[in-house]
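J.: Residue numbers (our numbering): 364 to 554. Backbone N, C-alpha and C define an ideal beta-carbon position, used for all residues, glycine too. Before I ask anything, let me first share the structure, which is written out below as structure tokens.
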């Protein structure tokens, strides 16, 4: 039985309803389309839609602020900051949210309260939860959900009409479906 990835915006049933598909013969293709569309939209916007854990190892920047790569931020409990104390010695210190630092959840910016991020190579190790909510959740931005479903329908219709083929590239545990360019009206929403 085909199911969309847990990080895909919609469950298979949601996409099938939107496409008007009632049988199970195209479940695998629809799943690949839904997974691929979500990944493509996240890459295009550099955002995470469905909440998941993200780990980053970053370079310090000699300031009290550091912008995270994925946002919005759902939660973080803290992070480890490695500081060079002598020429050859590095110590790691853990910092706690709302005690040692504040976080702009919408923009994904850490604001330290007293200690700057030392200007060192990969000295900040942070794990956090990013995204708007669970798959099919009402907390996901409606315009993103609708744009994604429209893109999935666009790809499905092109596939059904024979404009593109149902071939995919196997990338080990996942597949990549090759799809045509993103329609202008969907790009407008994502921009």
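Which residue comes first and which comes last in the alpha helix (DSSP H) that contains residue 403?
T.: 390-408 is the extent of the alpha helix (DSSP H) around residue 403.
J.: Could you tell me if residue 409 is buried or exposed, where buried requires 16 or more neighbouring beta carbons within 10 angstroms of its beta carbon?
T.: With fewer than 16 other Cβ atoms within 10 Å, it is exposed.
J.: Excluding the 5 residues preceding and the 5 following residue 525 in the sequence, name in chain order all residues of the same chain whose CB lies nearer than 7 Å to its CB.
T.: Excluding positions up to five away in sequence, the list is empty.
J.: Below 8 Å, how does it come out for the segment 365-378 and the segment 390-406: are there three or more Cβ pairs, yes or no?
T.: At 8 Å Cβ cutoff, the stretches touch.
J.: Report the partner residues of residue 442 according to the DSSP bridge assignment.
T.: BP columns for residue 442 point to 458, 489.
J.: Would you identify the three-state DSSP class for residue 357, choosing helix, strand or coil?
T.: Outside the shown range of the chain, which is 364 to 554, sits residue 357, and nothing can be said about it.
J.: What are the boundary residues of the alpha helix (DSSP H) that residue 553 is part of?
T.: Residues 547-553.
J.: Do residue 442 and residue 489 have their beta-carbon atoms positioned less than 8 Å apart in this structure?
T.: Result yes, Cβ atoms of residue 489 and residue 442 sit closer than 8 Å.
J.: In chain order, what residues of the same chain have a beta carbon less than 7 Å from the beta carbon of residue 432, not counting five sequence neighbours either side?
T.: These residues qualify, in order along the chain: 419.
J.: Whole angstroms are fine: how far does the CA of residue 475 sit from the CA of residue 483?
T.: Each residue's alpha carbon lies about 16 Å from the other.
J.: Using only CA atoms, which one of 417, 544, 463, 509 lies nearest to residue 499?
T.: It is 509.
J.: If you reduce the DSSP assignment to three classes, tell me which class residue 378 lands in.
T.: Helix, per DSSP.
J.: Can you grab the Cα-Cα spacing for the pair residue 493 / residue 439, in whole Å?
T.: For residue 493 and residue 439, the distance between alpha carbons rounds to 9 Å.
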